[in-house]
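Sequence order for the protein chains is A and B. Just so you know, our numbering puts the end of the first sequence at 251, numbered straight through with nothing missing. Just so you know, our numbering puts the end of the second sequence at 915, numbered straight through with nothing missing. The beta-carbon is built from N, C-alpha and C at its ideal position, and this holds for glycine as well. This one's a predicted model, so the numbers in the text were calculated from it and none came from an experiment.
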Amino acid sequence: MKLTLKIWRQKNANSKGQFETYQVEANSHMSFLEMLDVLNENLISQKKEPVAFDHDCREGICGACSMVINGHPHGPMQGTTTCQLHMRHFKDGDTIVIEPFRAKAFPVVKDLVVDRSAFDRVIQAGGFISVNTGGPRDANNIPVPKEDAEEAFNAATCIGCGACVAACPNASAMLFTSAKVAHLAKLPQGRVEASRRVLRMVHQMDVEGFGRCSNISACEAECPKEISITNIALMNREFFRAAFKSEESPM
Amino acid sequence: MKLDAHIPPGPLAEKWKQYRGTMKLVAPNNKRNLEIIVVGTGLAGAAGAASLAELGYKVKVFTFHDSPRRAHSIAAQGGINAAKNYQNDGDSIYRLFYDTIKGGDYRSREANVYRLAEVSLNIIDQAVAQGVPFAREYGGLLANRSFGGVQVQRTFYAKGQTGQQLLLGAYQALSRQIATGQVELHHRHEMLDLVIVDGKARGIIARNLITGELERHAAHAVVLATGGYGNIYYLSTNAMNSNVTAAWRATRRGALMANPCFVQIHPTCIPVSGDYQSKLTLMSESLRNDGRVWVPRKMEDVMALREGRIKPRDIPEEDRDYYLERRYPAFGNLVPRDVASRAAKAVCDEGRGVNASGKAVFLDFASAIERYGKAEAHVQGIHNPDPATIQKLGKAVIKAKYGNLFEMYEKITGDNPYDTPMMIYPAVHYTMGGLWVDYNLQTTIPGLFAAGECNFSDHGANRLGASALMQGLADGYFVLPYTIGQFLSDEIRTPKIDPNLPEFKQVEDEVRARLEKLLNNQGSESVESFHRRLGKIMWDYAGMSRNAEGLDKARKMVRELREEYHREVYVPGSMNEFNPELEKAQRVADFMEMAELLIVDARHRNESCGGHFREEYQTADGEALRDDENYAYVAAWSWNDGEPELTKEPLTFENIEVKTRSYK
Ligand SMILES: Cc1cc2nc3c(=O)[nH]c(=O)nc-3n(C[C@H](O)[C@H](O)[C@H](O)COP(=O)(O)OP(=O)(O)OC[C@H]3O[C@@H](n4cnc5c(N)ncnc54)[C@H](O)[C@@H]3O)c2cc1C
Ligand code: SF4
Ligand code: FES
């Protein structure tokens, strides 16, 4: 199949970017990233700069791949990362528009690569359980109801890709943050510092420049792991409860 | 050189305990002044860095990824072993130890493996306390399943995302230390060389991948936790950016590389579908519990399949060859990975591969769907269920067990494996070889430690499923934090290492020259095209089966390719910018050297064992023929500028009787 690609090119964080148009020949068995590999091989053979994009596992788990494809973070298929998207979902002659995730908190590094370290700092603010290595007792001393464990697991499958932020008109990080808050809040081990955790993580979201949530739920629709917005509701409850009773003000 | 593994004295079961009790300690006020560099934030690196920081050391962590959470460990699917014996099925530390030594075809160290089995218990406790959401029973306790090569249920899992959940646990522990300032994180930083001062590892040269600048980082000790080298083969189940540079540069600076030819080829991966293919996807070993592996008996059926004239289900039972069940009646479809992979290759070499390229076999769930469907109908009180009901019920059972894998398969291939058998083929998956380390996980360079897949320590010639996660976390959480103290206790008087020492400048200049040479090359071929060619040579001659002639040829080919690479490669862009092509170019240059060492090792080991199958050394019915008399040793190599030198570490087995592995 012959495709026209309109790709955002930007040399670095400080320069202005623009769209460039390319033609590429692909086949329907390829993954979307393999199609971009073909484009890059072509560019290299013409001694031009290949398009930079983040990727690693290419099986939908590391969260490295990003990019907005025809207006959708990770492209048009539901519950699918860019690396798992295959060309059989496109047709010969299609024009595909490819841009980086756009958000104030995710500055562009180059072309389609953005800096998502703001997410790491949100986790550093409190997305953990404070136990040191070697301290814990036998694992089966803490029984956890199967349903709770499964709900915690579902929230914990977030891959930290940032599509939720890219999808949100306010560039809010609520889905990402709430997934971690929910994962840990649903487990007895995580309850101990639940209040402190939610206050700190929400505060850090603001510091990083992520926007407010106005319940549009585009995040859920575009999340490749189908993380549920019920996590946001849970986080809001946790937050208000914590803010209400906390001596440690939300900083 | 004589290798001393520094195995502590005492009976096997007491060694680690006694050793720990008598180790030299570093007082808290001294820990504050000791700096440690940890390269890598996979299971081994993140666990290690977090634990060392908790102890009070000052830790600097490096990863080429944009976030520590993206390390390749995130992709592990199936599970992690631990000898908890929660199922009361007779598991024990000794049994896990025994299974691992046997699974590794008697090419690993008893003392290391015993310690691994011992600390496996603590790993699960640690992970649960961190909030890792393992699968649970209705009673709220932890659930287990079995994996290949063992007879007990000791595998803990979190659906098909065990690696993800364990890594997030370690990443969160690490994040907590970053927040306190005890760990300094350098993300998007790639270590490109090791700096040695007065014979000790004292720092690294890293490239800031965003600005392209070279940076010097100094410390009292350096830990490498940089993963495996499977991507030498270009196509593998490893993440695209996994590479050998850190370990290789250490080898170039005097560390030894042990057993590089021990590479694991996993039998159940989605086959190659074209030349553009960039990587291969694993289909978890757990599928072989219910899937039956087969190819057609008759060539005319093979041809008809390839040409699309018939569908797999059109071939009648009697014309199918369930070759694993035929050859290995005792273990059937559940033979270990090395055996299953070779058997698949054998039938494809006979010409009976089922896809267009002839390199695929079927993994069929039809029998399981039928069996589960009938059982489920019985449970639901449906007597004489019709075929449609059986199918419906059976598929639901399969979906509950393997849903996410089936979905992944369908996303990639476009085929629905509930209705048509999966097509699978072996692919490079894991590297048992790696940096030689002693019992303390220290390499032959004092102060340089290696943890996780990048060391060679525990899996011998073949790794059992669900044991890499166990080893990475054992090294990081429970071994290194103690053993590094042995080295550092003698360093308390060493002041902060100065990165302006001439040794740092020297290495930095060398790195810069290497990169500039690649950038200034007047070639015209892409890095990728060379990497593909390297992978093909390695797969053809140093892959699933090897022979002396082929290996000799491959060594020559790799040398020629390497020369051509340095002449013809074209690397776009410049040094001082974000330049993924330059990153790749440097990694592929190192793969080209490591590849030769792998071949040399495979050529020298005149026996077949585990993942290393030499065609000259097989039994009459095609099974691996080990030579314990001559090859019961660890082969540790120095690079020596392309004329590798071998040092042997003999392996002695005092607690286990060495036997032939048989799965018939
Ligand atoms: C698809 C798949 C499924 C698997 N499933 C299982 C399973 O179910 N059970 C099991 O036990 N094992 C499994 N394994 C194996 C297991 O996942 C790995 O062996 C293990 O995770 C390796 O961990 P590690 O910490 O050693 O290295 P990795 O996780 O590979 O981490 C390497 C780290 O080093 C960094 N790094 C590397 N080089 C440099 C450098 N030069 N400079 C800076 N940073 C660097 C990287 O950024 C990364 O952070 C699987 C493997 C694959 C491929
Ligand atoms: S919530 Fe979904 S979209 Fe957001 S980071 Fe997690 S996986 Fe990505
Ligand atoms: S490359 Fe890892 S999720 Fe896409």
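### Query
Per DSSP, which one or two residues make a beta bridge with Glu435 of chain B?
B:Lys311
### Message
To the nearest angstrom, how far is the alpha carbon of Met251 of chain A from that of His203 of chain A?
### Response
With a pLDDT of 47 at Met251 of chain A, under the threshold of 50, the modelled position of that residue is not reliable, and no figure is offered here.
### Query
Taking all protein chains shown into account, do 16 or more other C-beta atoms lie within 10 angstroms of the C-beta of Lys110 of chain A, making it buried, or fewer, making it exposed?
buried
#### Entry: Burial state of Leu833 of chain B, where buried means 16 or more other Cβ atoms lie within 10 Å
buried
### Query
Could one say the Cβ of Ile375 of chain B lies closer than 8 Å to chain A's Cβ atoms, at least one of them?
yes
#### Entry: Endpoints, beta strand (DSSP E) assigned at Ile287 of chain B
Glu286 to Val290
### Query
Going by Cα to Cα distance, which pick from B:Gln415, B:Asp741, B:Tyr733 and B:Ile788 is closest to Gly272 of chain B?
B:Tyr733
### Message
Taking 8 Å as the threshold (beta carbon to beta carbon), is Asn492 of chain B in contact with chain A?
### Response
yes
### Message
Please list, in chain order, the chain A residues whose beta carbon lies closer than 7 Å to that of Leu393 of chain B.
### Response
Ala139 and Asn140
### Near-chain A residues of the segment 411 to 443 of chain B - C-beta to any C-beta below 7 Å
Gln412, Gln415, Gln416, Leu419, Gln423, Ala424, Ser426, Arg427, Ile429, Ala430 and His438
### Message
For a cutoff of 8 Å on Cβ pairs, would you count Ala380 of chain B as touching chain A?
### Response
yes
### Message
Is any non-hydrogen atom of ligand 2 found closer than 7 Å to the C-beta of Phe176 of chain A, if you look at the structure I gave you?
### Response
yes
### Task
Report yes if the C-beta distance between Met789 of chain B and Tyr484 of chain B is below 8 Å; otherwise report no.
yes
### Message
Please list, in chain order, the chain A residues whose beta carbon lies closer than 9 Å to that of Glu388 of chain B.
### Response
Lys146
### Task
Whole angstroms is fine: what's the gap from Ser825 of chain B's alpha carbon to Phe315 of chain B's?
18 Å
### Query
By Cβ distance, which residues of its chain are closer than 7 Å to Asn236 of chain A, with the 5 residues on each side in sequence left out?
none
### Task
Name, in chain order, the residues that DSSP records as bridge partners for Thr21 of chain A.
A:Lys6
### Burial state of Thr21 of chain A (16 or more Cβ within 10 Å)
exposed
### Message
I'd like the span of the beta strand (DSSP E) that includes Tyr884 of chain B, first residue to last.
### Response
Tyr884 to Ser889
### Query
Cα separation between Glu193 of chain A and Leu531 of chain B?
41 Å
### Task
Say whether the segment 170 to 187 of chain A touches the segment 115 to 135 of chain A, bearing in mind that this needs 3 or more beta-carbon pairs closer than 8 Å, one atom from each stretch.
yes
### Task
Taking only beta carbons into account, state which residues of the segment 519 to 544 of chain B come closer than 9 Å to chain A, listed in chain order.
Ser524, Gly525, Tyr527, Gln528, Ser529, Lys530, Thr532 and Leu533
### Query
Should Ile229 of chain A be counted as a contact of ligand 2 given a C-beta to heavy atom distance under 7 Å?
no
### Task
Within 10 angstroms of the Cβ of Gln402 of chain B, are there 16 or more other Cβ atoms? Answer buried if so, exposed if not.
exposed
### Query
Which residues of chain A have a Cβ atom closer than 8 Å to the Cβ of Gly329 of chain B, listed in chain order?
Those within 8 Å of Gly329 of chain B in chain A number zero; the least Cβ separation is about 13 Å.
### Message
In this structure, how does DSSP classify Leu475 of chain B when only helix, strand and coil are distinguished?
### Response
strand
### Task
Measure how close the beta-carbons of Gly414 of chain B and Gln328 of chain B come, nearest whole angstrom, since I'm counting them as under 8 Å.
7 Å
#### Entry: Arg320 of chain B: contacting residues in chain A (beta-carbon distance under 9 Å)
Cys62, Gly63, Phe119, Asp120, Ile123, Ile159 and Gly160
### DSSP beta-bridge partners of Met201 of chain A
Answer is none; Met201 of chain A lacks a bridge partner.
#### Entry: Cβ distance (whole Å) where Tyr868 of chain B is taken to contact Phe582 of chain B below 8 Å
About 22 Å separates the two Cβ atoms, so there is no contact after all.
### Residue span of the beta strand (DSSP E) that contains Asp356 of chain B, given as start and end
Here Asp356 of chain B belongs to no beta strand (DSSP E), and DSSP marks it neither H nor E.
#### Entry: Length-filtered (3 minimum) beta strand (DSSP E) runs lying within the segment 706 to 740 of chain B
none
#### Entry: DSSP-derived helix/strand/coil call for Gln515 of chain B
strand
### Task
Quick one: give me the first and last residue of the alpha helix (DSSP H) that Gly393 of chain B is part of.
In the sequence under discussion, the amino acid at residue 393 of chain B is Leu, which differs from the Gly named in the question. First-last for Leu393 of chain B: undefined, no H or E at that position.
### Query
Along the segment 34 to 55 of chain A, what residues have a CB closer than 9 Å to any CB found in chain B?
Glu34, Met35, Asp37, Val38, Asn40, Glu41, Leu43, Ile44, Ser45, Lys47, Lys48, Glu49, Pro50, Ala52, Phe53, Asp54 and His55
### Message
If the cut-off is 9 Å on Cβ atoms, which residues from the segment 173 to 186 of chain A count as contacting chain B, listed in chain order?
### Response
Lys180, His183, Leu184 and Lys186
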